[in-house]
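For the sequence shown, the residue numbers in this note's numbering are 9 to 241.
Below: one structure, written as structure tokens.
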Amino acid sequence: MSESGARRDTARPPGKLILVRHGETEGNVAKVLDTRVPGLPLTERGVAQAKSFAARLTVPPVRLYSSVALRARQTAEHVESVTGIAADVLDGVYEVQVGELEGQNSQAAHREFQRIYRSWHLGELHTRLPGGESGEEVLARYLPAVDALRGSCLTAATDPHDVMLVSHGAAMRLVARELSGIAPPFTTNNHLDNTETIELLPTADGGWTCVRWGRYTPPFGYEVEPTPDDPMG
Numbered sequence: 009m010s011e012s013g014a015r016r017d018t019a020r021p022p023g024k025l026i027l028v029r030h031g032e033t034e035g036n037v038a039k040v041l042d043t044r045v046p047g048l049p050l051t052e053r054g055v056a057q058a059k060s061f062a063a064r065l066t067v068p069p070v071r072l073y074s075s076v077a078l079r080a081r082q083t084a085e086h087v088e089s090v091t092g093i094a095a096d097v098l099d100g101v102y103e104v105q106v107g108e109l110e111g112q113n114s115q116a117a118h119r120e121f122q123r124i125y126r127s128w129h130l131g132e133l134h135t136r137l138p139g140g141e142s143g144e145e146v147l148a149r150y151l152p153a154v155d156a157l158r159g160s161c162l163t164a165a166t167d168p169h170d171v172m173l174v175s176h177g178a179a180m181r182l183v184a185r186e187l188s189g190i191a192p193p194f195t196t197n198n199h200l201d202n203t204e205t206i207e208l209l210p211t212a213d214g215g216w217t218c219v220r221w222g223r224y225t226p227p228f229g230y231e232v233e234p235t236p237d238d239p240m241g
């Protein structure tokens, strides 16, 4: 290889970290706060969503991971069956643990979850869900996993292919807000549908830039109204 060719290879940008929300579960359909692992399995529609998502990938990821939750593992397994990329479970990237609100679907439970969850996006990460996690605790277990993926798979020295992590809507949005600096109300109001993605690109200064959030691409100044969607989206 020529010297100029070697320089071009070294200068190639790394791939993206693609966070994928799992496929549909009965909990999603019933709008239940379902966060405890292993949790509910995919519905038939959730299986179809996972297979369709995988079939639409123009380039498969170089590595594929999921959280320990059953719905995330099943989604990743269906992606694996289409792409041939083996799926591994990654510690620490499960959904926000809602504690005493677990299994509830009342409007009061949704309001309480959203009140505390939105406070995290406004910087009040110490606030805790009753019997559950604080925003600080969610980030403390999730961000090291992201850092490890970056160090092992997403550097300028590695091939510029994407790494995919099947995870959970509320946790994904909080982590993406922390890493990319995108501000609420976009981050709190813009729920993710099942198998929608948040795509993060490593930057040369050690940070991240968001290049996709669900159906949106930069700039993320859209006026997004709150939706009565699945609370974990």
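Even for Gly, the Cβ is constructed at its ideal location relative to N, Cα and C.
So what does DSSP say about Tyr102, is it helix, strand or coil?
In the structure shown, Tyr102 sits in coil (DSSP, three-state: anything other than H, G, I, E or B).
Under a three-way DSSP split, which group does Glu32 fall into?
coil
Which partner residues of Leu182 appear in the DSSP bridge assignment?
Paired residues: none, contrary to the question.
Determine, using beta carbons only, whether Leu27 and Ile206 come nearer to each other than 8 Å.
It is a contact, given that the beta carbons lie within the stated cut-off.
Nearest by alpha-carbon distance to Met180: which of Cys161, His118, Gly140, Asn202 is it?
Asn202
Any contact between the segment 108-119 and the segment 65-79? By contact I mean 3 or more CB pairs, one from each, below 8 Å.
Between the segment 108-119 and the segment 65-79, the count of C-beta pairs closer than 8 Å stays below three; the two stretches do not touch.
Among His86, Leu25, Leu173, which has the Cα closest to the Cα of Asp97?
According to the sequence displayed, residue 97 carries Val and not Asp. Checking every option, the nearest Cα to that of Val97 belongs to Leu173.
To which residues of the same chain is Asn197 closer than 6 Å at the C-beta, ignoring the five residues directly before and after it?
Counting only Cβ-Cβ distances below 6 Å, and skipping sequence neighbours, we find Val232, Pro234.
Compute the distance between the beta-carbons of Leu157 and Leu25, then report whether it is under 8 Å.
By the CB criterion at 8 Å, Leu157 and Leu25 fall inside the cutoff.
I believe Leu41 touches Leu109 by the beta-carbon criterion, under 8 Å. Please report the beta-carbon distance rounded to the nearest angstrom.
5 Å
Give the C-beta separation of Gly31 and Thr83 to the nearest angstrom, bearing in mind that I take them to be a contact with Cβ-Cβ under 8 Å.
5 Å
Output the distance between the C-alpha atoms of Arg220 and Pro226, rounded to the nearest integer angstrom.
7 Å
By how many angstroms is the C-alpha of Trp216 removed from the C-alpha of Val104?
22 Å
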